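Residue numbers (UniProt numbering): 1 to 460.
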């Protein structure tokens with residue numbers, strides 16, 4: 001197992017791997033709250049944040065794709081920017097207990113090699129997007145691929161916009177479309193395509209009898225009603241037979257049509273297949289560092305309530321201390337749950353977002369955002385606690401306990417065409433019919449430090 005080596009005393013560096021909703025927010029909290037002699041290094045393979053929630057719409061509807069990609073030019077929300085805090089566009093190749101390796105060096109920024117040492121790290125690399133939105137795919141010929149219309153990509157906004165324009169053309173050309181997967185992505189793709197192109201034949205195939213089974217049944221009922229209203233063929237309780245796909249491509253029948261089948265034997269013809277299933281946590285680097293930190297069944301990183309990384313052996317040991325820990329848990333006046341120290345060999349490494357097994361939290365941007373805040377605040381506490389321990393006043397000041405993460409109530413909003421949307425917030429389920437074509441994409445830009453007053457402000 002990769003050991004829990006102590007952080008470097010002289011580095012005073014916090015690494016944040018991944019700069020989407022959770023990673024970017026963590027970097028902002030750290031930049032604002034760490035002591036002046038500390039620095040934050042935020043690393044992402046893209047030059048921009050992908051606003052995932054508008055991407056299905058912009059893959060269908062032309063003219064708005066540039067609004068989905070938010071440059072990291074002011075991601076730390078520091079004005080003027082503090083030069084010590086750095087955003088690097090690079091691939092992360094490995095993580096070890098006290099350093100990472102990346103795909104390139106940045107000597108102009110004081111990083112002369114591809115190895116960067118850290119005191120603390122936040123692992124926020126999320127999950128691999130399903131093929132229809134996976135810009136980092138490697139398939140050049142998109143038209144005939146069941147597994148998604150992907151193209152070679154290196155992470156620039158201009159490339160991303162061109163990728164989406166090509167995707168729009170492919171969808172426009174197809175007269176029949178099969179969408180596989182009845183999660184939010186599949187539902188949005190099916191209803192958007194049918195709304196923009198009413199004459200197309202759209203089929204939505206879902207392996208379960210209910211859409212969005214983790215949410216209230218009323219959500220399913222409203223979505224089903226909308227599919228019927230839009231004349232979308234809905235096939236529930238049937239799973240795609242992967243044997244009907246050869247080398248990622250649909251078979252061609254005697255009439256020259258692409259065709260797949262379900263496990264019950266039902267054959268479905270379509271010009272285009274959108275496989276909106278199989279989103280996998282991006283935890284391969286953690287698995288290489290220490291396989292015990294990743295749940296082999298789910299692929300999710302094991303974490304404590306403090307969001308510190310934990311290995312399987314430590315989970316087993318901790319279970320024997322559960323009753324004692326429960327007795328020591330307390331809730332402060334500010335509502336933050338705090339407790340006694342838990343066991344981990346990696347107290348300086350945190351995992352958040354879609355990569356983390358965060359106690360039932362639904363993979364979603366708002367949950368990653370909240371987890372990023374908790375992880376960042378806990379790192380700040382650890383830094384300050386360590387400084388207190390080293391000072392002459394340590395006998396008079398008790399270390400501040402770390403904050404525990406508690407998932408919020410279920411929350412989701414799913415568009416059902418260009419104007420209609422259904423949402424759940426805790427026990428509340430409702431429908432809105434005030435949607436706009438670009439899904440108010442500009443509203444997220446200030447969270448990444450960019451003020452938008454007009455659409456032109458979002459153009460590359």
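We treat Cβ as the ideally placed atom computed from N, Cα and C, and that holds for glycine. These figures come from a predicted structure and were not determined experimentally.
Residue i (DSSP reduced to helix, strand or coil)
| i | result |
| --- | --- |
| residue 285 | helix |
| residue 322 | Because the pLDDT of residue 322 is 46, which lies under 50, any placement of that residue in the model is unreliable, and the question is left without a value. |
| residue 541 | This structure leaves residue 541 out entirely; the chain is present only between 1 and 460. |
| residue 159 | helix |
| residue 133 | helix |
| residue 13 | strand |
| residue 220 | helix |
| residue 336 | Bear in mind that a pLDDT of 47 at residue 336, under 50, signals an unreliable position, so the model cannot answer this. |
| residue 71 | strand |
| residue 187 | helix |
| residue 146 | Because residue 146 sits at a pLDDT of 40, beneath the cut-off of 50, its placement in the model cannot be relied upon, and the following sentence gives the value as read from the coordinates. Residue state, collapsed to three classes: coil. |
| residue 347 | strand |
| residue 84 | coil |
| residue 204 | strand |
| residue 66 | helix |
| residue 397 | coil |
| residue 296 | coil |
| residue 228 | helix |
| residue 124 | coil |
| residue 242 | helix |
| residue 310 | coil |
| residue 352 | coil |
| residue 403 | strand |
C-beta atoms of residue i and residue j nearer than 8 Å
| i | j | result |
| --- | --- | --- |
| residue 239 | residue 207 | yes |
| residue 203 | residue 230 | no |
| residue 49 | residue 72 | yes |
| residue 19 | residue 27 | yes |
| residue 124 | residue 255 | no |
| residue 277 | residue 357 | no |
| residue 377 | residue 29 | yes |
| residue 76 | residue 85 | yes |
| residue 411 | residue 366 | yes |
| residue 178 | residue 268 | yes |
| residue 168 | residue 200 | no |
| residue 421 | residue 435 | yes |
Bounding residues of the beta strand (DSSP E) (the contiguous stretch that carries residue i)
| i | result |
| --- | --- |
| residue 233 | 233-236 |
| residue 51 | Run containing residue 51: none; DSSP gives neither H nor E here. |
| residue 261 | 258-261 |
| residue 423 | 421-425 |
| residue 430 | 428-432 |
| residue 100 | 99-102 |
| residue 411 | 411-415 |
| residue 179 | 176-180 |
| residue 273 | 272-275 |
| residue 44 | 39-44 |
| residue 94 | 92-95 |
| residue 267 | 267-269 |
Nearest-angstrom Cβ-Cβ length linking residue i and residue j, presumed shorter than 8 Å
| i | j | result |
| --- | --- | --- |
| residue 350 | residue 402 | Wrong, their Cβ atoms sit about 10 Å apart, outside the cutoff. |
| residue 11 | residue 119 | 5 Å |
| residue 414 | residue 184 | 5 Å |
Where the alpha helix (DSSP H) through residue i begins and ends
| i | result |
| --- | --- |
| residue 450 | Element bounds for residue 450: n/a, residue is neither H nor E. |
| residue 366 | 365-390 |
| residue 26 | 21-33 |
Minimum Cβ-Cβ distance from residue i to chain D less than 8 Å
| i | result |
| --- | --- |
| residue 427 | Considering every chain present, this structure includes no chain D. It has just one protein chain. |
heavy atom of the ligand PLP below 7 Å from residue i C-beta
| i | result |
| --- | --- |
| residue 292 | Of ligands this structure carries none, so the ligand PLP is not represented either. |
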